[in-house]
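Take a look at the structure set out below.
4 protein chains.
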Amino acid sequence: MTVDLKAYSVRTDLALEARELVQPDAHIPIPGVFEDVKEEAGIKVTRIHVQNEEGARAIGRLQGRYLTLEVPSLRRKDSKLQDRVATKFAQLFADYLKEVGVQENHKVLIVGLGNWNVTPDALGPMVVENVLVTRHYFELMPDQVSPGYRQVSAVAPGVLGITGIESSEIVQGIVEKSKPDVIIAIDALASKSLERVNTTIQVADIGIHPGSGIGNKRKGLTKELLGIPCIAIGVPTVCYASTIVNNAIEMMKSHFAQETDQTRDILGMLDDISEDERLALVKEVLQPLGHDLIVTPKEVDEFIEDMGNIIASGLNAALHEAVDNSNVAAYTH
Amino acid sequence: MTVDLKAYSVRTDLALEARELVQPDAHIPIPGVFEDVKEEAGIKVTRIHVQNEEGARAIGRLQGRYLTLEVPSLRRKDSKLQDRVATKFAQLFADYLKEVGVQENHKVLIVGLGNWNVTPDALGPMVVENVLVTRHYFELMPDQVSPGYRQVSAVAPGVLGITGIESSEIVQGIVEKSKPDVIIAIDALASKSLERVNTTIQVADIGIHPGSGIGNKRKGLTKELLGIPCIAIGVPTVCYASTIVNNAIEMMKSHFAQETDQTRDILGMLDDISEDERLALVKEVLQPLGHDLIVTPKEVDEFIEDMGNIIASGLNAALHEAVDNSNVAAYTH
Amino acid sequence: MTVDLKAYSVRTDLALEARELVQPDAHIPIPGVFEDVKEEAGIKVTRIHVQNEEGARAIGRLQGRYLTLEVPSLRRKDSKLQDRVATKFAQLFADYLKEVGVQENHKVLIVGLGNWNVTPDALGPMVVENVLVTRHYFELMPDQVSPGYRQVSAVAPGVLGITGIESSEIVQGIVEKSKPDVIIAIDALASKSLERVNTTIQVADIGIHPGSGIGNKRKGLTKELLGIPCIAIGVPTVCYASTIVNNAIEMMKSHFAQETDQTRDILGMLDDISEDERLALVKEVLQPLGHDLIVTPKEVDEFIEDMGNIIASGLNAALHEAVDNSNVAAYTH
Amino acid sequence: MTVDLKAYSVRTDLALEARELVQPDAHIPIPGVFEDVKEEAGIKVTRIHVQNEEGARAIGRLQGRYLTLEVPSLRRKDSKLQDRVATKFAQLFADYLKEVGVQENHKVLIVGLGNWNVTPDALGPMVVENVLVTRHYFELMPDQVSPGYRQVSAVAPGVLGITGIESSEIVQGIVEKSKPDVIIAIDALASKSLERVNTTIQVADIGIHPGSGIGNKRKGLTKELLGIPCIAIGVPTVCYASTIVNNAIEMMKSHFAQETDQTRDILGMLDDISEDERLALVKEVLQPLGHDLIVTPKEVDEFIEDMGNIIASGLNAALHEAVDNSNVAAYTH
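Residue numbers (the numbering used here), protein chains in the order written: chain Z, 1 to 333; chain Y, 1 to 333; chain U, 1 to 333; chain D, 1 to 333.
As structure tokens, then:
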């Protein structure tokens, strides 16, 4: 039995946001969903473990382990913070790999989903360009590879509109030829809240699913399809205009609720209906007029480059023992 | 006496939107404001002439002639439509130049405001890169310049954060050295409505004013400052999140007003208050949480490139008689 | 039996140059090598058919059909000439496809070899980005595809240093999944003469061979490897410094030979030895000092973009009957 | 009296190369020319002081202080070496500023000459984008600027073909408005030897002179013209094909001279004539055939980016006491 994600109309690719939608109060546990939140020096780390079908149904997310880093101040260009986030991400990701059973000698294929030419969708290809690949050394001169490195390869399969081929088919073909043990796929996501855009990294061992991310994926990258596990690293880089509006109304509701118990007077029916119903209403109004565009912050070029460096340097340190993970940023350019 | 634009809190750089805010019904004339709207083959052309102080106060815009092209379907990548828009813009702009007194032998300096490295703010520099400049030929070998060309030069002065110098000071210095008769300044603007982003071109003979456009301008490009007239070509490329929300609530109001006379029930107090009050409310909620970001559609790279080509080829045809303006696009790359 | 290309030390990927090396006089036929040269309005078209083993051995090129366009004036930025070259290339390539047995319903996979981030090696990826792909329409809604289009897909597999996987392995995997009938591979080449760089297009039905092109390919794209024919489109974008020097000495030799019969006095031993020996000598001197760099003209950015547009628009017109091939440039951006 | 640089036909913008042309043996002093060479950890630092007219005439360079860093191994991508070079350059440049009389409170205008869109000519604009500018803080909130910073501004004036205005006129206008005390101009140069391309940085207090650098400058940036001193930082990024050939013949001559005293036999007349005569000969042969192109190594994108970072981070540390110059690279992106 698979959970029908379509039923959840608020467009988010983040488990964190799905969880908040179901139960805004983080202290009330949801059966089948384990949650752990830590904050340290401006980096908030949330672990959500969807343990069974009951939990999956409850929050509308597949069973699996979701690790999320939130760093609101990433918005302010601060290269020291970026180094710190890259280092933290490297440590957390190294632990995560162990937790989900990826061993030190496992061969990794990094897949950078997305489109070079559309900046908010270019995160995946940008990571591919900056990670340290080693597979060719292992193939060509296995005796000369220093200890502390594992076999890593990386591809950016492009998007359907540019290639005419599903990216999942391209990856399948490459997996069959190059025989990795595990895939790490990087994807740009949609968030329901603008302030999570480019400040959040989600890691999940559920692969990439049809319809997720920015492009129109009709097939995914999953263990069922590929025969090997796929860990997804997703970063929200866009929002739908309708979710910005819906989210703002929600914020207005909370705002006025703190000041008055007459929010019904202020927001009318918008106060009564559920978030999903309200979103449907907003979409109903915006879409026919062509207003439900997908948007990204105007500083997108810089955000994507910074985030691409954080993830690439984090991956380099997490995947290769020989890369010093106390100062991971030195290994990318 | 100057009009205090700050009093108008809805953030728009478009006269069209300022006028709509004051009097949504286009058929009711505003004293001191002449307006003419024509639509042809998907291109809507609006001329607003703010004729005197009364009109300026009424719509919160400076006296002057505002020419606006709106082409909603520019969003759909259609190279034939783009050629058609470039050609139309060239013809309208050539007429506009005559109307505001720019003569055929006047020397033109094109100023591309904005920042190369921030895509939604890169329109100005992109136009500079694509226009046909001729001033150096007139300077170096005046006898050999073919008839039908005028003296055109072009600069991209950069932004304060990159140069440390106000762009208006840089332009002043260049004007004093190169002695043009008129400036045409290209600037990326903020719109109050997402659907006007990258589908609208505004021409105005009022120059560039402090605080307008995307960057933080503290000084402008005006006749007072420069001693020569400055025609501004502005294209909205961004929106504030708060104006998206406010605009959406307005649209919901109109939407429900068509179906019921109980919009008060649906939207509560949001229905009662003025657009300005409502925007203030939205900002009050969003800003402290860092949600009032400036956003741009995710396809921004392509939009800016297309719009840069339309404007550059339009300018080439409007400024040089020798450039055939029945097919203007052939002259840029 | 295969011809050992290594024996031919002058580094060129062009059959035209290989032929010139063997027999500079174009009027003296080489057994097993058919040659036909036409020049029209600044475009020189050479057809070389290496018909058998004898011919292959003679000029050190594999058996097959080589079509070469040379347009020296492509260097001067002239957009009308570019359109004319794209149109001519489209017509010649359409004929070539018939000649080598590619039928109208054959499904084509375009492979853009090379590296986005190294401009002289970015031609392949740039063509991929600009060609019209249709395979996904045939897969998703076959009934709605207009007549006059064929199934075309396109990939840029990246280079070994970025992916860690041979591009030939990646292509093999994609071929097995997407099942095209024929491959058209675009590759940047080395030329022995600087003036052919970015002014020449070579088409050959021999595939891509190890060591050809700019990157270090260890495996090729050949019918033996892929099971389907591979047509290579190559454009010289670089030269070795040593071949520039060697070529210049050759030119000096010809130059002085026209003026005197004492070239021996002027050029000493350089006049006596064969071109291959002289190249070996030049390399012997330059290489230890790190001077035998691969170079490209300084205008490489513009050249590669222009050439990418010519090839992409030529392919669009040659592959799809519905694309009007009297003005092919309109279909790319 | 000015020295006629045109008389020196070997095309180089480097004093180092001009000196070598006149007297290849570094141990034989040239009257009026002081020279000091130090090498440390792969970085060769040459100081040439052209002290008077006699020296200027002797080596065909203007009177002034030339500081040159040569780092042949910059070619091999090595980020630690790059950091080391940036740090060394910062220290040397800080000392150089003192030596030529630039004081700690002097206001600096950095001028990045060249063209964004032509990679080998993009060094100047790239440095401008990466330096720390502070002038606007001093102008807007002088009380709040931390100690240890000086007033720095930066502009990229563009090239004549894009702007239609001489870059020197643009800079003059900006100088008059912004009133700096000294200019530091960054320019891409031509070298006579390919191995110096992108491995060499020259600093000189002679300003920028007509005809120097890559673009066609007709006017320069000099104290005479601007009223303030101009320090030029030049990096060779291109070579003429003819100088590559000429240089190679020179290398062959040296090579054979070590093995035999019969170089006359090997190189004929090429052995007898002077380097200038030989270059004239090479040009005579190559130019009419369009072979005397300006070339750059194929890895130009990466070289220019690396060099831009080295210079920008070096300038930041040398100009602002507050920037730690033991690890200068951390301050650019």
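For every residue, glycine included, the Cβ atom is placed at its ideal position computed from N, Cα and C.
Next on the checklist: With a threshold of 9 Å between beta carbons, is Val10(U) in contact with chain D?
Outcome noted: With a pLDDT of 49 at Val10(U), under the threshold of 50, the predicted position of this residue should be treated as unreliable, though the coordinate-derived value follows. Taking Cβ atoms only, chain D never reaches closer than 9 Å to Val10(U), which makes this a no.
Item to check | Status (buried if at least 16 other CB within 10 Å, exposed otherwise) for Met141(D) | outcome: exposed
Item to check | Euclidean distance between Cα positions of Ser167(D) and Leu160(D) | outcome: 7 Å
Next on the checklist: Can you tell me whether Ala18(Y) is helix, strand or coil according to DSSP?
Outcome noted: helix
Next on the checklist: Closer than 7 Å between beta carbons: that is the criterion. Which residues of the region 166-182 of chain Z meet it against chain U?
Outcome noted: Glu169, Ile170, Gln172, Gly173, Ile174, Glu176, Lys177, Ser178
Checklist entry - Where are the alpha helix (DSSP H) runs, 4 residues long or more, that stay fully inside the region 26-111 of chain Z, in chain order? => result 53-59, 79-99
Next on the checklist: Just verifying my parser: in three-state terms, what is the DSSP assignment at Leu132(U)?
Outcome noted: coil
Checklist entry - Should the region 126-135 of chain Z be called in touch with the region 302-321 of chain Z, which here means at least 3 C-beta pairs below 8 Å? => result yes
Checklist entry - For the 8 Å Cβ check, are there 3 or more pairs between the region 173-181 of chain Y and the region 67-75 of chain Y? => result no
Item to check | 8 Å contact criterion, which Lys107(Y) and Arg150(Y) should meet: CB distance rounded | outcome: 7 Å
Checklist entry - For chain Y, is any of its Cβ atoms less than 9 Å away from the one on Gly268(Z)? => result yes
Next on the checklist: I need the boundaries of the beta strand (DSSP E) containing Gln258(Y), first residue and last residue.
Outcome noted: Premise fails: Gln258(Y) lies in the alpha helix (DSSP H), 241-259, not in any beta strand (DSSP E).
Checklist entry - In whole angstroms, what is the alpha-carbon distance linking Ser313(U) and Ala322(U)? => result 13 Å
Item to check | chain D contact residues for Arg135(Y), given Cβ-Cβ distances below 7 Å | outcome: Gly164, Ile165
Item to check | Euclidean distance between Cα positions of Ile59(U) and Lys219(U) | outcome: 23 Å
Item to check | Sequence-distant residues of its chain with Cβ nearer than 7 Å to His320(Y) (five each side left out) | outcome: Leu132, Gly148, Tyr149, Arg150
Next on the checklist: Check this for me: beta carbons of Glu40(U) and Ala26(U), under 9 Å apart or not?
Outcome noted: no
Checklist entry - Are there 16 or more other CB atoms within 10 angstroms of the CB of Val155(D), so buried, or fewer, so exposed? => result buried
Item to check | Proximity to Ser153(Y) [Cα-Cα], best of Gly164(Y), Arg135(Y), Thr163(Y), Asp324(Y) | outcome: Arg135(Y)
Checklist entry - Below 9 Å between beta carbons: does that hold for Val50(Z) and Val33(Z)? => result yes
Checklist entry - Quick one: what does DSSP say Val175(U) is sitting in, helix, strand or coil? => result helix
Checklist entry - Is it the case that the Cβ atoms of Leu113(Y) and Ala185(Y) are separated by a distance below 9 Å? => result yes
Item to check | Identity of the residues DSSP links to Gly234(U) by a beta bridge | outcome: Asp187(U), Gln202(U)
Checklist entry - Can you name, in chain order, every residue of its own chain whose Cβ lies under 8 Å from the Cβ of Ala15(D), other than the five neighbours on each side? => result Ile48, Val50, Ile59, Arg61, Tyr66, Thr68, Gln202, Ala204
Item to check | Closest Cα partner of Thr348(Z) within the set Ile206(Z), Gly207(Z), Ile208(Z), Ser191(Z) | outcome: Here chain Z has residues from 1 to 333 only, and residue 348(Z) is not among them.
Checklist entry - DSSP on Tyr331(Z), reduced to helix/strand/coil? => result Confidence in Tyr331(Z) is poor, its pLDDT being 44 and thus under 50, which makes the residue's placement unreliable; the coordinate value appears in the next sentence. Tyr331(Z) falls in the helix class under three-state DSSP.
Next on the checklist: When you compare the CB of His106(U) with every CB in chain D, is at least one pair closer than 9 Å?
Outcome noted: no
Checklist entry - Closest to Tyr240(U) by CA distance: which of Pro236(D), Ala248(D), Glu20(D), Val175(D) is it? => result Ala248(D)
Checklist entry - Quick one: what does DSSP say Val152(Z) is sitting in, helix, strand or coil? => result strand
Checklist entry - Which runs of the beta strand (DSSP E) fall wholly inside the region 272-312 of chain Z and span at least 3 residues, in chain order? => result 294-297
Checklist entry - Going along chain Z, which residues have a C-beta under 8 Å from Leu286(Y)? => result Ala248, Met251
Next on the checklist: Does Leu123(Z) come out as helix, strand or coil in the three-state DSSP assignment?
Outcome noted: helix
Item to check | Buried or exposed by the 16-neighbour rule on C-beta atoms within 10 Å, applied to Asn246(Y) | outcome: buried
Item to check | From Ser212(Z), Ile304(Z), Met252(Z), Glu277(Z), residue whose alpha carbon lies closest to that of Val197(Z) | outcome: Ile304(Z)
Checklist entry - Cα separation between Pro288(Z) and Thr243(Z)? => result 16 Å
Checklist entry - By Cβ distance below 8 Å, which residues in the same chain neighbour Gln82(U) in space, the five residues on each side in sequence not counted? => result Leu74, Asp306, Asn309, Ile310, Ala329
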